[in-house]
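Participant: My structure is below; once you've seen it, I'll send some questions.
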Amino acid sequence: MNKFDYLIVGAGLFGCVFASEMTSRGKKCLVIEKRSHIGGNIYTENIENINVHKYGAHIFHTSNKKIWDYINRFADFNNFINSPLANYKGEIYNLPFNMNTFNKMWGAVTPDEAKEKIREQSSQIGEYPKNLEEMAISLVGRDIYEKLIEGYTEKQWGRSCKELPAFIIKRLPVRFQYDNNYFNDTYQGIPIGGYTQICEKMLEGTKIYLSVDYLDQKEHFDSLAKTVVYTGAIDRYFYYCYGPLQYRSIRFENKILNTDNFQGNAVINYTHRDIPYTRSIEHKHFEFGKQEKTVISYEYSDEWNIDKEPYYPINDTYNNEVYTKYSYLAAKEINVIFGGRLGSYKYYDMDKVIESALNVIARL
Ligand code: UDP
12 MNKFDYLIVG
22 AGLFGCVFAS
32 EMTSRGKKCL
42 VIEKRSHIGG
52 NIYTENIENI
62 NVHKYGAHIF
72 HTSNKKIWDY
82 INRFADFNNF
92 INSPLANYKG
102 EIYNLPFNMN
112 TFNKMWGAVT
122 PDEAKEKIRE
132 QSSQIGEYPK
142 NLEEMAISLV
152 GRDIYEKLIE
162 GYTEKQWGRS
172 CKELPAFIIK
182 RLPVRFQYDN
192 NYFNDTYQGI
202 PIGGYTQICE
212 KMLEGTKIYL
222 SVDYLDQKEH
232 FDSLAKTVVY
242 TGAIDRYFYY
252 CYGPLQYRSI
262 RFENKILNTD
272 NFQGNAVINY
282 THRDIPYTRS
292 IEHKHFEFGK
302 QEKTVISYEY
312 SDEWNIDKEP
322 YYPINDTYNN
332 EVYTKYSYLA
342 AKEINVIFGG
352 RLGSYKYYDM
362 DKVIESALNV
372 IARL
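Heads up: the sequence shown at position 189 corresponds to 200 in the working numbering, and the numbers run straight through without jumps.
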């Protein structure tokens, strides 16, 4: 009766991995996507011969060899190592927080000197930091918190660091070596030629409809397949019956400039609250580009509303409770699988999205 085994709603990374795996197992998949292109937020577009990360910088990193081998089937990766810089009122600091940062901030030369400074500056914080502010101060001390974390985080999340969960800052390594690698993972790189090709390869042999909103014609699409894989926002699927979950959105301002090297680094974070954007990305540096021009994206963080794109789930206590209610409804939906960042309301890195899609496949 059904023409397809799986209707996959959303052509982002989760949907693409799912389609690829199921198609290779002989299942018939239909992918529908609201946007006019595949790839979700990892989509890259060629502008001036530069692969521009249209929905924000994506650097692939993982410590899971299985996932690294898996993604390498779809593209060759270069040896890019993310080493962003923080610009605080024109002072440049290395990120993540490491001996180079401590040296510039305090003149600390040895790990013991840096640890002593952090101990001094965090003595007021109890054993169990309650929020992002306390966690940050206990990890790197008050000076770094005030110059490199507080302004950036409040711009990024539109909330005080006292209201934000501590886990957000734990994403960043704190290191007592002179090492500017932003990630601790074993494997890291950028796909040579951009991310879109990965999704194209994953969707080979799968039927795709672009610019289609599933929820506008739900009954029709449901009738086409035995099982639905829904990777859109979970609260929208249930027509916001428990109220909308909160997200942060991003507005990008892109500029093409007639210079071959504008900022000397792929990622620069602006950590003072008076600069309205959080970071500027110079895309060519992800692939060590030698083009004559350059493309820069400024990221402006924005509170989400239903007319805007949801980017970051805000996994604080309130939203996690609301999400739990939605997840109970999701568990009761027959023949619907929820996945991906929006379907699971999780602040996922790409490797974790792939891992979760492969786990769902293994269970099926
Ligand atoms: N962060 C910060 N200063 C920085 C970079 C990051 O305070 O210069 C904090 C901020 O709260 C941010 C979090 O660390 O939301 C996680 O940063 P990450 O770079 O992992 O964010 P993403 O790349 O996912 O936007």
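Note that CB positions come from ideal geometry on N, CA and C, so glycine has one too.
Do L221 and S47 have their C-beta atoms closer together than 9 Å?
Facilitator: By one-based count along the sequence shown, residue 221 stands at place 210. By one-based count along the sequence shown, residue 47 stands at place 36. In contact: L221 and S47 (Cβ atoms closer than 9 Å).
Participant: Rounded C-beta distance between N191 and N109? I'm assuming under 8 Å.
Facilitator: Numbered from its first residue, the sequence shown carries residue 191 at position 180. Numbered from its first residue, the sequence shown carries residue 109 at position 98. Confirmed, Cβ separation roughly 6 Å.
Participant: For the beta strand (DSSP E) containing E165, list its first residue and its last residue.
Facilitator: Position 154 of the sequence shown, counted from the first residue, corresponds to residue 165. Taken as a continuous stretch (DSSP letters only), E165 belongs to no beta strand (DSSP E), being part of the alpha helix (DSSP H) at E161 to W168.
Participant: Can you give the Cα-Cα distance for S367 and A244, rounded to whole angstroms?
Facilitator: By one-based count along the sequence shown, residue 367 stands at place 356. By one-based count along the sequence shown, residue 244 stands at place 233. Distance between the alpha carbons of S367 and A244: 16 Å.
Participant: Can you tell me where the beta strand (DSSP E) holding S31 begins and where it ends?
Facilitator: The residue labelled residue 31 in the question sits at position 20 within the sequence shown. Where S31 is concerned, there is no enclosing beta strand (DSSP E), although the alpha helix (DSSP H) it sits in stretches over L24 to S35.
Participant: Closest to E102 by CA distance: which of D16, K115, P95 and G37 is it?
Facilitator: The sequence position of residue 102 within the sequence shown is 91, counting from 1. When only C-alpha atoms are compared, the closest one is K115.
Participant: Please give the ranges of any alpha helix (DSSP H) in the segment 204-262, keeping only runs that are unbroken, at least 4 residues long and fully inside the region.
Facilitator: 207-213, 229-233 and 245-248
Participant: With a threshold of 6 Å on Cβ separation, who are the neighbours of D87 within its own chain once the five nearest residues in sequence on each side are excluded?
Facilitator: Translated into positions along the sequence shown, residue 87 becomes position 76. The answer, listed in chain order, is I203.
Participant: Which whole runs of the alpha helix (DSSP H) in the segment 59-118 are 4 residues long or more, in chain order?
Facilitator: 76-82 and 110-117
Participant: Just checking my contact of G162 with E314 at CB under 8 Å: how many whole Å lie between their CB atoms?
Facilitator: Start at 1 with the first residue of the sequence shown, and residue 162 comes out as number 151. Start at 1 with the first residue of the sequence shown, and residue 314 comes out as number 303. G162 to E314, Cβ: 17 Å. No contact.
Participant: If you run the structure through DSSP and keep just helix, strand and coil, what is F349?
Facilitator: Counted from its first residue, the sequence shown places residue 349 at position 338. Correct three-state label for F349: strand.
Participant: Going along the chain, which residues of its own chain have a beta-carbon closer than 6 Å to the beta-carbon of T164, five neighbours each way excluded?
Facilitator: Here residue 164 refers to the residue found at position 153 when the sequence shown is read from its first residue. Only C172 meet the Cβ criterion.
Participant: Just the C-alpha distance for I49 and V42, rounded to the nearest angstrom, thanks.
Facilitator: Mapped onto the sequence shown, residue 49 falls at position 38. Mapped onto the sequence shown, residue 42 falls at position 31. Rounded to whole angstroms, I49 to V42 spans 10 Å at the Cα level.
Participant: With respect to 8 Å, is the separation between the Cβ of P184 and the closest non-hydrogen atom of the ligand UDP below this value?
Facilitator: Translated into positions along the sequence shown, residue 184 becomes position 173. It does not: the Cβ of P184 is nowhere closer than 8 Å to a heavy atom of the ligand UDP.
Participant: CB of Q199 to nearest heavy atom of the ligand UDP: below 8 Å?
Facilitator: The sequence position of residue 199 within the sequence shown is 188, counting from 1. It does not: the Cβ of Q199 is nowhere closer than 8 Å to a heavy atom of the ligand UDP.
Participant: Could you pull the DSSP bridge partners for R290 from this structure?
Facilitator: Taking the sequence shown and counting its residues from 1, one reaches residue 290 at position 279. In the DSSP output, where bridge partners are listed per residue, R290 has N280 and E310.
Participant: Does at least one heavy atom of the ligand UDP sit under 8 Å from the Cβ of Q274?
Facilitator: Here residue 274 refers to the residue found at position 263 of the sequence shown. No, Cβ of Q274 sits at least 8 Å from all heavy atoms of the ligand UDP.
Participant: Identify, in the order they occur along the chain, each residue of the same chain with its Cβ nearer than 6 Å to the Cβ of Y260, setting aside the five sequence neighbours on each side.
Facilitator: As a working mapping, residue 260 is identified with position 249 in the sequence shown. In the sequence under discussion, the amino acid at residue 260 is Ser, which differs from the Tyr named in the question. Answer for S260: D313, W315, K319, E320 and Y322, listed in chain order.
Participant: Look at S291 and Q302 and say whether their C-beta atoms are less than 9 Å apart.
Facilitator: The residue given as residue 291 occupies position 280 in the sequence shown. The residue given as residue 302 occupies position 291 in the sequence shown. No, the pair does not count as a contact, with Cβ atoms beyond the cut-off.
Participant: Can you tell me the Cα-Cα spacing of A22 and E145, whole angstroms?
Facilitator: The count along the sequence shown starts at 1 and reaches residue 22 at position 11. The count along the sequence shown starts at 1 and reaches residue 145 at position 134. In a straight line, the C-alpha of A22 is about 39 Å away from that of E145.
Participant: In terms of alpha-carbon separation, which member of N346, Y258 and L18 lies closest to T34?
Facilitator: Along the sequence shown, one-based indexing puts residue 34 at 23. Of the candidates N346, Y258 and L18, the one whose C-alpha sits nearest the C-alpha of T34 is L18.
Participant: Could you check if W168 belongs to the surroundings of the ligand UDP, using beta carbon to heavy atom distance under 8 Å?
Facilitator: Indexing the sequence shown from 1 puts residue 168 at position 157. Checking the Cβ of W168 against the ligand UDP gives yes.
Participant: Measure from the C-beta of K38 to each C-beta in chain C and report whether the shortest distance is under 9 Å.
Facilitator: Annotation note: the requested chain C is absent from the structure, which comprises a single protein chain.
Participant: What did DSSP end up calling F194 once you bin it into helix, strand or coil?
Facilitator: In the sequence shown, counting from the first residue as 1, residue 194 sits at position 183. In this structure, F194 counts as coil in the three-state DSSP scheme.
Participant: Could you tell me whether the segment 75-86 touches the segment 227-241, where touching means 3 or more Cβ pairs closer than 8 Å?
Facilitator: Segments in contact, no.
Participant: Is E264 helix, strand or coil by DSSP?
Facilitator: Taking the sequence shown and counting its residues from 1, one reaches residue 264 at position 253. Three-state DSSP puts E264 in a strand.
Participant: Just to confirm my understanding: we take I70, look at its own chain, exclude 5 residues before and 5 after, and list those with CB closer than 6 Å. What are they?
Facilitator: By one-based count along the sequence shown, residue 70 stands at place 59. Correct list, in chain order: N93.
Participant: At the level of alpha carbons, what is the spacing between I129 and H64?
Facilitator: Position 118 of the sequence shown, counted from the start, is the residue given in the question as residue 129. Position 53 of the sequence shown, counted from the start, is the residue given in the question as residue 64. Looking at the two C-alpha atoms, the distance is approximately 36 Å.
Participant: If you check the beta carbons only, do N280 and H296 fall under 9 Å apart?
Facilitator: As a first step, residue 280 is located in the sequence shown; it is residue number 269 there, counting from the start. As a first step, residue 296 is located in the sequence shown; it is residue number 285 there, counting from the start. Contact flag unset, no.
Participant: Which of helix, strand or coil does DSSP assign to Q132?
Facilitator: Residue mapping note: residue 132 aligns to position 121 of the sequence shown, counting from 1. Of the three classes helix, strand and coil, the one that applies to Q132 here is helix, per DSSP.
Participant: Can you determine whether any heavy atom of the ligand UDP sits closer than 8 Å to the C-beta of P95, and answer yes or no?
Facilitator: As a working note, residue 95 is residue 84 in the sequence shown. Correct: P95 has its Cβ closer than 8 Å to the ligand UDP.
Participant: Apart from the five residues on each side of it in sequence, which residues of its chain come closer than 6 Å, Cβ to Cβ, to I7?
Facilitator: The shown model of the chain, from 12 to 375, leaves out residue 7, and the question about it has no answer.
Participant: Based on the DSSP secondary-structure assignment, which residues constitute the bridge partners of N57?
Facilitator: By one-based count along the sequence shown, residue 57 stands at place 46. Its beta-bridge partners are N62.
Participant: Could you give the residue range of the alpha helix (DSSP H) that holds V333?
Facilitator: Your numbering for residue 333 matches position 322 in the sequence shown. Start and end: T328 to K343.
Participant: My output table needs one value for D360: the three-state DSSP class, helix, strand or coil.
Facilitator: One-based indexing of the sequence shown puts residue 360 at position 349. DSSP places D360 in coil when its eight states are reduced to three.
Participant: To which residues of the same chain is N111 closer than 7 Å at the C-beta, ignoring the five residues directly before and after it?
Facilitator: As a first step, residue 111 is located in the sequence shown; it is residue number 100 there, counting from the start. Here the set comprises N105, Y189 and N191.
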